[in-house]
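Q: Got a structure for you, written out below as structure tokens; questions coming shortly.
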Amino acid sequence: MKKHILPVIILTVMTIVTLGCGGHGADDYIIVGGDTPIIPSDDSGENTPKKIVLWKGSGTEEDPYLVPDADHLDDIRNKSMSACYKQTAHINLSKFASNGNFWQPIGESSHCDFTGKYDGNGYRIVGLFVKSDDIFSGLFGGIQGAEINNLIIEEAEVVGTGGCVGIFVGRANGNSIIRNCYALNSTVNGDNGIGGIVGIIKGATVINCRVDHSDVSGDNSIGGIVGSCIDEGSNKAIVDNCYVNDSKVNGNISVGAITGDVTDLQGGGYSFVTNCFACGDMVIKGAKLS
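Each residue of the sequence shown is one higher than the one before, starting from -9 at the first, in the working numbering.
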């Protein structure tokens, strides 16, 4: 009997992985046959491999995504901007400052706010270097109804020319909470709305936060904790139980050890600062102190 040989067709499966909110680079990642993803050629004609970040957890409050290193922290912008995360080790971000590059804030625009929860779990982040002309600059750029808790940032340098600049968050809106956060030996500089913890809060809360041995500077609305504190509709803007120690706060208009300015748009105490103090060797310079 004559045997028939059937042709074998080999298919190469190509999966296109699109960068999420605020991902690095404008091109899509291409995974060929499930192997290492390859970024399309750069100007030199060479391909640069980019590893896939594998996550543990499911992103819920009961089972948050675990963040053990810098790659996972950077990948939040691609994984989910609305999930829950927990840091599980100290993280060094200095590799993002090599070759003239800088950390890109998570949620760098009003169209791409972080809306989830990030629990630093008492761990530190060091080597945060941000140099941005976006309107929101910090570890996180803009957050909306989010929580940033239990995190220490040490030896950070955050510079933003677009306003709303803070070491932890550039701008916090809509019942966001920044709790138990500590900035140490860091500098933050910008134009308007500059704070040691967060640049501007609108209807958000900053509670139990501390800035120590750091420099905060800019032009208008400069505060050791929060640059500008503004209520938002029925959402109160609150700065409570925070302090600044052995730090410098410099600006030209509306400068304060805790907040640069407090605006109560609704009236009746919708924006307030309570139980806060500055101590140690403080230097406060500005045309109008608050």
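For each residue, glycine too, the CB sits at the ideal point set by N, CA and C. Just so you know, these numbers come straight off a predicted model, no measurement behind them.
(1) I believe GLY241 touches ILE212 by the beta-carbon criterion, under 8 Å. Please report the beta-carbon distance rounded to the nearest angstrom.
(2) I'd like to check one pair, GLY217 with ILE190: are the Cβ atoms closer than 8 Å?
(3) Ordered along the chain, which non-local residues of its own chain (more than five positions away) have a Cβ less than 7 Å from that of ASN111?
(4) Please state the DSSP three-state secondary structure of LEU141.
(5) Specify the secondary structure class of ALA173 as computed by DSSP and reduced to three states.
(6) On a CA-only basis, which of GLY128, CYS154, GLU145 and LEU56 is nearest ASN210? Give me that one, please.
(7) Verify whether the separation of the beta carbon atoms of GLY132 and ASN179 is less than 8 Å.
(8) Mapping the DSSP letters down to three states, classify GLY110 as helix, strand or coil.
(9) Considering only residues of the same chain and omitting the five flanking positions on each side of ALA268, which have a CB-CB separation below 6 Å?
(10) Which same chain residues, not among the five before or five after LYS299, have their C-beta less than 8 Å away from its C-beta?
(11) Taking Cβ to Cβ, would you say CYS219 is nearer than 8 Å to THR253?
(12) Could you give the DSSP three-state label for ASN265: helix, strand or coil?
(13) Could you tell me the alpha carbon to alpha carbon distance between VAL317 and ASP181, rounded to whole angstroms?
(14) Taking the alpha helix (DSSP H) that ILE66 belongs to, which residues open and close that run?
(15) Could you spell out where the beta strand (DSSP E) holding ASP205 opens and where it closes?
(16) Report the three-state DSSP secondary structure of ALA227 (helix, strand or coil).
(17) DSSP has THR195 in a bridge; who is on the other side?
A: From the atom records:
(1) Counted from its first residue, the sequence shown places residue 241 at position 251. Counted from its first residue, the sequence shown places residue 212 at position 222. Indeed they touch by this definition, with Cβ atoms about 3 Å apart.
(2) Here residue 190 refers to the residue found at position 200 of the sequence shown. Here residue 217 refers to the residue found at position 227 of the sequence shown. If you check the CB distance, ILE190 and GLY217 come in under 8 Å.
(3) Residue numbering aside, residue 111 sits at position 121 when the sequence shown is read from its first letter. Cβ within range, chain order: LYS76, GLN77, THR78 and ASN140.
(4) Here residue 141 is taken as the residue at index 151 of the sequence shown, counted from 1. LEU141 falls in the strand class under three-state DSSP.
(5) As a working mapping, residue 173 is identified with position 183 in the sequence shown. Here ALA173 carries a strand assignment [DSSP, helix/strand/coil].
(6) Taking the sequence shown and counting its residues from 1, one reaches residue 210 at position 220. Minimum Cα distance to ASN210 is reached at CYS154.
(7) For the purposes of this step, residue 132 is identified with residue 142 of the sequence shown, where counting begins at 1. For the purposes of this step, residue 179 is identified with residue 189 of the sequence shown, where counting begins at 1. It is not a contact, given that the beta carbons lie outside the stated cut-off.
(8) As a position in the sequence shown, residue 110 is number 120, starting the count at 1. Note: GLY110 maps to coil in three-state DSSP.
(9) Looking up residue 268 in the sequence shown gives position 278. Within the same chain, ALA268 has close Cβ partners VAL234 and ALA247.
(10) Residue 299 falls outside the range modelled here, since the chain spans only -9 to 280, and no answer is possible.
(11) Start at 1 with the first residue of the sequence shown, and residue 219 comes out as number 229. Start at 1 with the first residue of the sequence shown, and residue 253 comes out as number 263. In this structure, THR253 lies closer than 8 Å to CYS219 by Cβ.
(12) Working through the sequence shown from its first residue, we reach residue 265 at position 275. Under the three-state reduction of DSSP output, ASN265 falls in the coil class, being neither helix nor strand.
(13) Nothing can be reported for residue 317, as the shown portion of the chain is limited to -9 through 280.
(14) In the sequence shown, residue 66 corresponds to position 76, counting from 1. 60 to 69 is the span of the alpha helix (DSSP H), which, as asked, contains ILE66.
(15) Counting from one through the sequence shown, the residue named residue 205 turns up at place 215. Judged by DSSP secondary structure, ASP205 falls within the beta strand (DSSP E) whose first and last residues are 205 to 207.
(16) Residue 227 sits at position 237 when you count from the first residue of the sequence shown. DSSP places ALA227 in strand when its eight states are reduced to three.
(17) The sequence position of residue 195 within the sequence shown is 205, counting from 1. DSSP lists ILE167 and ILE228 as partners of THR195.
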